[in-house]
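Participant: First residue of the sequence shown: 1, per the UniProt record's numbering; consecutive thereafter. Beta carbons are placed, not taken as given, at the ideal position from N, Cα and C, and that holds for glycine. If you scroll down you'll find the structure; I have some questions about it.
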Amino acid sequence: MDDRSEIIEFALAWMAAIVANDAAAIGNFMTDEWIIVGSDGATAKAEFLAMVQSGDLTHDMMRTVDGARVEFYGATAVYTARVINSGHFRGQSFSADEWVSDVMVRIDAGWKCVLSHVTLASG
Numbered sequence: 001m002d003d004r005s006e007i008i009e010f011a012l013a014w015m016a017a018i019v020a021n022d023a024a025a026i027g028n029f030m031t032d033e034w035i036i037v038g039s040d041g042a043t044a045k046a047e048f049l050a051m052v053q054s055g056d057l058t059h060d061m062m063r064t065v066d067g068a069r070v071e072f073y074g075a076t077a078v079y080t081a082r083v084i085n086s087g088h089f090r091g092q093s094f095s096a097d098e099w100v101s102d103v104m105v106r107i108d109a110g111w112k113c114v115l116s117h118v119t120l121a122s123g
């Protein structure tokens with residue numbers, strides 16, 4: 001499998017773990033320093049996983065709606081795709097149409113995400 005296919009497979013498996021609401025599985029895709037940045041600020045790995053573990057954050061659907069773009073810079077990959085998702089945050093339903101960018105690094109024989117950035121899609 002080529003590197004681009006590995007990144008696409010990685011992203012799809014990570015989305016499946018998120019929809020399964022499995023904090024341990026989700027955490028396996030991230031470095032310890034992982035952070036997600038969006039219009040409402042930044043959330044570190046431990047806080048994000050704690051929200052999933054407690055049930056404060058759940059997802060029931062997540063899928064890519066636009067073809068993914070993958071670029072490589074040595075042992076670093078940047079994955080960008082349009083993703084729709086839905087679930088609940090602290091008891092409130094949500095659905096989102098977002099552009100997602102993930103920065104991934106090759107660690108040993110696999111990939112881990114170090115940074116995720118989300119922004120609402122405008123249409």
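In the structure shown, what three-state DSSP assignment does S39 receive?
Facilitator: It is coil, neither helix nor strand.
Participant: Sort K45, T31, I35 by Cα distance to S116 and report the nearest one.
Facilitator: Closest option to S116, Cα to Cα, is I35.
Participant: A50 to A44, Cα distance in whole Å?
Facilitator: Roughly 10 Å between the two C-alpha positions.
Participant: How far does the alpha helix (DSSP H) with V114 in it extend, from its first residue to its last?
Facilitator: No alpha helix (DSSP H) contains V114, which is instead part of the beta strand (DSSP E) from 110-120.
Participant: How is D3 classed by DSSP in three states: helix, strand or coil?
Facilitator: D3 falls in the helix class under three-state DSSP.
Participant: Does the pairing of the stretch 84-91 with the stretch 103-113 give three or more beta-carbon distances under 8 Å?
Facilitator: Result no; under three Cβ-Cβ pairs closer than 8 Å.
Participant: Under 8 Å Cβ to Cβ from T76, same chain only, skipping five residues before and after it: list those, please.
Facilitator: Hits under 8 Å: V103, M104, V105, R106.
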